[in-house]
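As numbered in full-length UniProt numbering, residues 1 to 231 make up the sequence shown, in order.
Reviewing the structure listed below.
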Amino acid sequence: MIYPCFDPATWGPSLDAAVDAVQRGAVIVLPTDTVYGVGADAFNADAVAAVLAAKGRGRQMPPPVLIPNLRTVDGLARDVPASARALMDALWPGALTVIVHSQPTLAWDLGDTHGTVALRMPDHGAALALLGRTGPLAVTSANRTGEPAATTADDAQAQLGDAVAVYLDGGDSPLGTASTIVDATDPAGLRVLRDGGVSRERLQEIAGAEAFAPEPPPPSASEDPAGEPAG
Numbered sequence: 001m002i003y004p005c006f007d008p009a010t011w012g013p014s015l016d017a018a019v020d021a022v023q024r025g026a027v028i029v030l031p032t033d034t035v036y037g038v039g040a041d042a043f044n045a046d047a048v049a050a051v052l053a054a055k056g057r058g059r060q061m062p063p064p065v066l067i068p069n070l071r072t073v074d075g076l077a078r079d080v081p082a083s084a085r086a087l088m089d090a091l092w093p094g095a096l097t098v099i100v101h102s103q104p105t106l107a108w109d110l111g112d113t114h115g116t117v118a119l120r121m122p123d124h125g126a127a128l129a130l131l132g133r134t135g136p137l138a139v140t141s142a143n144r145t146g147e148p149a150a151t152t153a154d155d156a157q158a159q160l161g162d163a164v165a166v167y168l169d170g171g172d173s174p175l176g177t178a179s180t181i182v183d184a185t186d187p188a189g190l191r192v193l194r195d196g197g198v199s200r201e202r203l204q205e206i207a208g209a210e211a212f213a214p215e216p217p218p219p220s221a222s223e224d225p226a227g228e229p230a231g
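Here it is, written out as structure tokens:
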């Protein structure tokens, strides 16, 4: 069912429905600043598995975790480099996802994370209001794998159907493009894994170019893009 979520003065009942769904281990769709997300309680392994199943994705592609505030970072992550914290401080809430080492004692199962977690604080009032009540949610883009990301609740429902208990409708996604993903787990420096809502130039303005790991050299004319000899 789709619940309107446009106005803070009236979205209370819609958020109530979403919170109830999360607490019972169901899957929800929520608006964010980038694209719509499909998610569930990050600490409920069965619910996270249901998110991956709804999307048609396996454990090898674990979902990011959306958080309500910067204070949550240290409860979920360890050994966060100063450069990554600078990006979080400057760009959150916003269209930046940062991959960090996860706290080893957390009772969650997001998939094959290899001891890491991708964190983001969305710049969307309804999403932050929801996260403030539910705590961290495992959220990935609200579309079937291989299909375009949903930028409206109707788009998401058309793709995900009855796999989702509650759809929160916040109108068109403001950005309509995915977040930029930065990996902060490499000792050599930060690495941009996906370009998105925040430019590389902006990242370097904040963290400094020296905070980023050297880019691998392009393949030579005698090699194909996979690094194998051509011809």
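All C-beta atoms in this analysis are idealised placements derived from N, C-alpha and C, irrespective of residue type, glycine included.
- Distance from the CA atom of L131 to the CA atom of L137, rounded to whole angstroms, is 7 Å.
- Here the C-alpha atom of A50 lies approximately 22 Å from the C-alpha atom of M121.
- Between L119 and S179 the beta-carbon gap is near 11 Å, outside 8 Å, which marks them as no contact.
- Burial is judged here by how many other beta carbons sit within 10 angstroms of a residue's own beta carbon; Q159 has at least 16 and is buried.
- Within the same chain, M1, I2, Y3, I28, V29, A153, A156, Q157 come within 8 Å of Y167 by CB-CB distance, once the 5 residues on both sides are set aside.
- When secondary structure is reduced to three states using DSSP, G37 falls in the strand class.
- In the structure shown, the three-state DSSP call for D183 is strand.
- For P4, the enclosing beta strand (DSSP E) begins and ends at 2–4.
- At a cut-off of 4 residues, the continuous stretches assigned as alpha helix (DSSP H) that sit fully inside the segment 11–60 are 12–23, 45–55.
- DSSP places A153 in the helix class (H, G or I) of the three-state scheme.
- Non-local beta-carbon contacts of D183 in its own chain, meaning distances under 6 Å to residues more than five positions away in sequence, involve I99, R191, L193 in chain order.
- With contacts defined as CB atoms closer than 9 Å, V38 and S173 fail to qualify as a contacting pair.
- By the neighbour-count definition (other C-beta atoms within 10 Å, threshold 16), G161 is an exposed residue.
- Using a 10 angstroms sphere on the CB of D186, the tally of other CB atoms stays under 16, which defines it as exposed.
- In the structure shown, the three-state DSSP call for I67 is coil.
- When DSSP states are grouped into helix, strand and coil, L160 belongs to the helix group.
- Under DSSP, I206 takes part in no beta bridge, so it has no partner.
- Take I67, set aside five residues on each side of it, and the residues of its chain with a beta-carbon closer than 8 Å to its own are V73, L76, L119, R120, M121, L131, P136, in chain order.
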